[in-house]
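Step one of this worksheet: look at the structure below.
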Amino acid sequence: MGTNFTVVGGDLRIIKLAKMLSEDGNKVYTYGLEKAEELKEDNNIIICDKLKEATEKSQIIISSIPFSSNGKNINSPFSENEIQIIELMKNINSKVLIAGSLDKEINVLENEENIKIVDIIKREELAVLNAISTAEGAIEIMIANTNRIIHGKNVLILGFGRLGKVLAKKLTGLSVNVTCAARKSEDLAWITTYGYSSLNINEIGENLSKFDIIINTVPHLILTEDKLKYLKEDCLLLVDLASNPGGIDKKACKDKNLKLICALALPGKVAPITTAAFIKGTVYNVLREIYEK
Numbered sequence: 060m061g062t063n064f065t066v067v068g069g070d071l072r073i074i075k076l077a078k079m080l081s082e083d084g085n086k087v088y089t090y091g092l093e094k095a096e097e098l099k100e101d102n103n104i105i106i107c108d109k110l111k112e113a114t115e116k117s118q119i120i121i122s123s124i125p126f127s128s129n130g131k132n133i134n135s136p137f138s139e140n141e142i143q144i145i146e147l148m149k150n151i152n153s154k155v156l157i158a159g160s161l162d163k164e165i166n167v168l169e170n171e172e173n174i175k176i177v178d179i180i181k182r183e184e185l186a187v188l189n190a191i192s193t194a195e196g197a198i199e200i201m202i203a204n205t206n207r208i209i210h211g212k213n214v215l216i217l218g219f220g221r222l223g224k225v226l227a228k229k230l231t232g233l234s235v236n237v238t239c240a241a242r243k244s245e246d247l248a249w250i251t252t253y254g255y256s257s258l259n260i261n262e263i264g265e266n267l268s269k270f271d272i273i274i275n276t277v278p279h280l281i282l283t284e285d286k287l288k289y290l291k292e293d294c295l296l297l298v299d300l301a302s303n304p305g306g307i308d309k310k311a312c313k314d315k316n317l318k319l320i321c322a323l324a325l326p327g328k329v330a331p332i333t334t335a336a337f338i339k340g341t342v343y344n345v346l347r348e349i350y351e352k
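Residue numbers are given in my numbering: position 218 of the sequence shown equals residue 277, and the series is strictly consecutive.
Listed below in structure tokens is the structure:
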């Protein structure tokens with residue numbers, strides 16, 4: 060027997076997720092996705108005109124990743140209307156809300172409205188799997204924006220977390236000369252163990268001059284204006300994959316006429332179907348943990 064889900068807002072990943080939930084035999088009520096034509100032909104998907112209508116028959120509400128860009132409205136690129144966060148919260152009392160990159164202020168509403176809130180982006184299994192899509196998207200950006208092969212290029216990856224590890228492995232497979240930068244001694248040890256060249260982030264300076272491409276995965280400013288002066292004149296590309304404010308000084312790059320690409324939310328852009336499958340698996344894991352206690 061299927062479960063009733065409500066899907067509110069979201070991008071192409073969430074549209075694909077709604078389809079997958081339907082294919083599993085679940086009933087899916089949607090709001091804020093009226094421009095998603097592919098949902099209109101599915102008998103298990105009910106497109107609702109009112110938020111209350113969409114939420115009243117489900118205990119599980121799934122929304123956008125990231126949830127909001129301005130702290131007031133839910134990200135809903137496939138809707139003609141703005142969906143206020145406060146409006147959603149007042150319609151889902153005593154229900155489960157699953158969304159991504161939630162602001163701390165949402166926790167206040169969680170207590171006020173008696174809602175179980177799950178920030179799915181913080182789930183380790185999804186974070187690890189999303190690193191695959193992000194890494195492949197970053198490689199696509201590198202090739203498309205340098206007009207050259209990346210074979211034999213010297214590439215610096217700032218940060219050696221989930222994404223840094225996956226990206227370094229994939230680039231090495233493409234015969235790229237990979238250097239990974241980190242602060243922690245244990246991370247530097249693992250970088251060496253994996254066979255990459257290592258660099259302490261605290262010692263970045265003139266050594267930047269040997270790299271053709273630099274990719275940042277750290278959400279803290281690392282490449283300041285003072286550091287950027289050490290880049291070689293024919294540095295091909297800077298790519299910032301970290302969430303705002305990122306790790307590369309945007310204004311300084313513009314002033315120095317450096318080629319910088321800030322690439323956020325790559326999983327939803329380069330692999331929405333695969334990413335939706337990752338999200339679906341994580342949603343099911345969350346629900347088992349909640350309801351099998």
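Every residue gets a Cβ at the ideal spot worked out from N, C-alpha and C, and that includes glycine.
Residue 133 is positioned such that its CB atom lies no closer than 8 Å to that of residue 117. If you look at residue 90, you'll find it in the beta strand (DSSP E) that goes 86 to 90. Nearest to residue 85 by alpha-carbon distance, out of 101, 92 and 311, is 101. Residue range 331 to 350 is occupied by the alpha helix (DSSP H) that includes residue 345.
Assigned with DSSP and collapsed to three states, residue 162 falls in coil, not helix or strand.
With fewer than 16 other Cβ atoms inside 10 Å of its own Cβ, residue 131 counts as exposed.
Excluding the 5 residues flanking it on each side, residue 276 has same chain C-beta neighbours closer than 7 Å at 216, 217, 218, 220, 222, 223, 300 and 301, in chain order.
With respect to the C-alpha of residue 111, the residue from 119, 90, 127 and 97 having the closest C-alpha is 90.
Residue pairing by DSSP places residue 153 opposite no residue, since no beta bridge is assigned to it. Close CB contacts of residue 303 within its chain, under the 8 Å cut and outside five residues either way in sequence, are with 278 and 323 (chain order). Contact between the stretch 244 to 258 and the stretch 180 to 195 is absent: fewer than 3 CB-CB pairs across the two stretches fall below 8 Å. Apart from sequence neighbours up to five positions away, the residues of its chain that approach residue 173 with a beta-carbon distance below 8 Å are 152 and 153, ordered along the chain. Residue pairing by DSSP puts residue 237 in a beta bridge opposite 214. In terms of Cβ geometry, residue 201 and residue 298 form a close pair [threshold 8 Å]. DSSP lists 88 and 120 as the bridge partner or partners of residue 65. DSSP places residue 312 in the helix class (H, G or I) of the three-state scheme.
Here DSSP, grouped into helix, strand and coil, assigns residue 135 to coil. In this structure, 119 is the residue among 161, 349 and 119 with its C-alpha nearest to the C-alpha of residue 150.
No residue range can be given for residue 103, since it is assigned to no alpha helix (DSSP H) and is classified by DSSP as neither H nor E.
In this structure, residue 126 places its C-beta atom within 8 Å of the C-beta atom of residue 159. When beta bridges are read from the DSSP output, residue 299 appears opposite 275 and 321. By DSSP's assignment, residue 175 forms a beta bridge with 155. Distance check between residue 269 and each of 226, 211 and 312 places 211 closest, using alpha-carbon atoms only.
About 6 Å separates the beta carbon of residue 308 from that of residue 287, a gap short enough to meet the 8 Å contact definition. Assignment of residue 208 by DSSP, reduced to helix, strand and coil, places it in the coil class. Remark: C-beta atoms of residue 198 and residue 230 approach each other more closely than 8 Å. In the three-state reduction of the DSSP assignment, residue 140 falls in the coil class. Setting aside the 5 residues that flank it on each side, residue 128 is surrounded in the same chain by 134, each with a C-beta closer than 7 Å to its C-beta; the list follows chain order. Spatial neighbours of residue 280 in its own chain (CB-CB distance under 7 Å, excluding positions within 5 residues in sequence) are listed in chain order as 304, 306 and 308. Assigned with DSSP and collapsed to three states, residue 282 falls in strand. When DSSP states are grouped into helix, strand and coil, residue 189 belongs to the helix group. In the assembly as shown, residue 318 is an exposed residue. Its beta-carbon has fewer than 16 other beta-carbons within 10 Å.
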